[in-house]
Amino acid sequence: MRCARRVGASLVCGTRAATKRAGRALTEEAGRRPDALSFHGMKMPTLQQFRTNRNVLFWSLHAAGWAAYGITQYFGALLYEKPSSYARVIAVAAVSGFLLSMPMRFIYRRLWGRPPRVMISGVLVTCYITALALRIVINLSYKQFVEPDWHAQTLFELFGGALSTTYLLLCWSVLYFGIKFYESQRKQEQAMLKAVALAQEAQLKMLRYQLNPHFLFNTLNAISTLILDNQNRKANHAVTRLSEFLRYTLDQDPMKKVTLRQEIEALDLYLGTERLRFGERLRLEYAIEAPALEALVPSLLLQPLLENSLKYAVSAREQGGLVRIEGRTREGLLELSVIDDGPGLREGAGSGERRGVGLRNTRERLAVLYGENCRFAVLNSRPGLRVDMALPLETAGASAEAQPQALRPGIARGAHA
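Count the sequence shown with the numbering used here and you get residues 14 to 430, in order.
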């Protein structure tokens with residue numbers, strides 16, 4: 014028992030001081046060397062490669078950590094004048110620690126994202142069991158190389174020093190989770206930046222769709238016709254609707270989520286100008302369930318899809334066409350559909366060949382905002398095209414009541430505009 018205690022004490026002696034010395038040395042070395050290193054003409058991995066390749070980062074830090082442990086223990090042994098054979102025990106301890114702690118990575122992967130109580134319990138159990146296995150190897154190697162005459166009287170002596178080794182493995186665990194948390198934060202920041210960029214791009218593309226000369230020419234020409242026909246009240250109403258829609262597109266925050274009710278109202282502002290162009294050729298139908306109206310959606314989500322439907326199903330045909338917007342809630346999801354009776358996709362054509370810009374932008378925006386928690390599909394509806402989306406259901410609650418707006422009577426199941 015006394016021998017086991019001596020082993021445990023000697024293997025952890027001087028760890029703190031040596032670790033500080035090693036940390037200062039690594040810091041000074043990192044300050045002297047550039048990111049890309051070369052050794053006898055061979056290029057070493059750059060700092061950026063260590064950051065982007067998680068396997069390279071883990072195994073490099075894992076090997077460096079146990080190597081530093083062995084070095085600090087060796088200098089500690091010299092400080093306490095241990096016999097030369099003790100170096101073999103240190104080598105066995107470092108190699109065994111490297112091998113036995115490898116499974117901890119895969120265990121911690123499964124623990125990541127669990128409730129804190131589960132994570133903490135799992136880490137403590139994993140570290141203690143690994144420490145017991147490591148102490149058996151260290152104590153047996155000590156008997157083999159330093160004190161061959163020593164024999165463990167009980168099983169507890171064979172596990173001597175397990176608590177100090179558990180502390181060492183807990184430090185390993187803290188570093189692992191700290192690095193993993195840092196990487197997770199960086200990924201979230203990158204995803205947020207990408208989401209902002211895509212949302213801003215969607216807004217700019219939407220403005221390009223609306224403010225192109227063709228759109229303004231047709232709208233202003235329709236208003237001019239109303240004035241010439243002495244329909245001044247209707248012309249004034251059209252100018253007001255056009256200005257309201259343009260003001261909405263300029264003021265709307267692309268990252269803000271609005272209720273589906275507000276999104277439909279924004280579409281109604283846009284359709285107020287389009288009805289001047291198409292008249293009776295434009296037939297619009299809503300089939301939206303009442304609970305879906307209070308669900309949150311990314312702002313200006315439906316407008317590019319509706320623009321595409323008007324372009325291909327209404328504008329391109331003399332008889333015009335029908336556009337139907339559906340919305341429902343199902344099992345924690347908000348399901349939205351934009352359906353038209355236009356020509357649809359050609360046989361063998363991908364979803365990006367027709368109406369590619371609006372569909373591609375909407376798909377990318379949803380993928381960044383919701384990841385794998387959303388669905389986006391483009392299908393031929395025979396006749397026409399059907400765009401189906403499914404988003405995680407988020408309700409507005411009191412926020413929707415804080416900004417009440419009158420919804421037009423057309424927005425109801427089976428209503429026509």
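We put the beta carbon where it would ideally sit given N, CA and C, even for glycine.
Item                                                                                                                                                                     : Value
Check for me: the beta strand (DSSP E) holding Thr272 runs from which residue to which?                                                                                  : 270-272
Evaluate Val351 with the Cβ neighbour count: other Cβ atoms within 10 Å of its Cβ, from every protein chain shown; 16 or more gives buried, anything less gives exposed. : buried
If you count every other CB in all the chains shown that lies within 10 Å of the CB of Thr253, and 16 or more means buried, which is it?                                 : exposed
Any idea what DSSP makes of Val493, helix, strand or coil?                                                                                                               : Nothing can be reported for residue 493, as the shown portion of the chain is limited to 14 through 430.
Using CA coordinates, which residue listed in Glu331, Val310, Arg337, Arg378 is at the minimum distance from Phe291?                                                     : Glu331
Assign Phe119 to one of two classes, buried (16 or more other C-beta atoms within 10 Å of its C-beta) or exposed (fewer than that).                                      : exposed
Could you please give me the residues that DSSP links to Asp353 through a beta bridge?                                                                                   : Val336, Leu398
Have a look at Ile338 and Leu297 and give me their C-alpha separation to the nearest angstrom.                                                                           : 8 Å
What does DSSP give as the partner residues of Thr408 in its beta bridges?                                                                                               : Ala308
Looking at C-alpha atoms only, which residue of Leu358, Ile103, Asn234, Ala77 is the closest neighbour of Ile151?                                                        : Ile103
Determine the DSSP secondary structure at Glu257, reduced to helix, strand or coil.                                                                                      : helix
Suppose you measure from the CA of Leu314 to the CA of Asp281; what does that come to, to the nearest Å?                                                                 : 14 Å
Hey, out of Leu392, Leu233, Leu404, whose CA is closest to Gly357's CA?                                                                                                  : Leu392
Using a threshold of 7 Å, state whether the C-beta atoms of Glu344 and Ala409 are closer than that.                                                                      : no
Which residue marks the beginning of the alpha helix (DSSP H) containing Asn393, and which one marks its end?                                                            : Where Asn393 is concerned, there is no enclosing alpha helix (DSSP H), although the beta strand (DSSP E) it sits in stretches over 388-393.
Between which two residues does the alpha helix (DSSP H) containing Gly78 stretch?                                                                                       : 67-92
Classify Ile133: buried if its beta carbon has 16 or more other beta carbons within 10 angstroms, exposed otherwise.                                                     : exposed
Skipping 5 residues on each side, what residues in its chain have a beta carbon closer than 7 Å to that of Pro396?                                                       : Asp354, Gly357
Could you tell me the distance, in whole angstroms, from the CA atom of Ala80 to the CA atom of Val159?                                                                  : 22 Å
Taking Cβ positions only, does Leu295 come closer than 7 Å to chain B?                                                                                                   : Among the protein chains of the structure shown there is no chain B, as only one such chain exists.
Taking only the alpha-carbon atoms, compute the straight-line gap between Ser256 and Leu289 and give it to the nearest angstrom.                                         : 14 Å
Name the two residues that bound the continuous alpha helix (DSSP H) containing Val105.                                                                                  : 99-113
Tell me, to the nearest whole angstrom, how far the beta carbon of Thr139 is from that of Met117; I am working on the premise that it is less than 8 Å.                  : 6 Å
Express the C-alpha separation of Ser73 and Pro96 in angstroms, rounding to a whole number.                                                                              : 31 Å
Taking the continuous alpha helix (DSSP H) assigned at Phe172, which residues delimit it?                                                                                : Where Phe172 is concerned, there is no enclosing alpha helix (DSSP H), given that its DSSP letter is neither H nor E.
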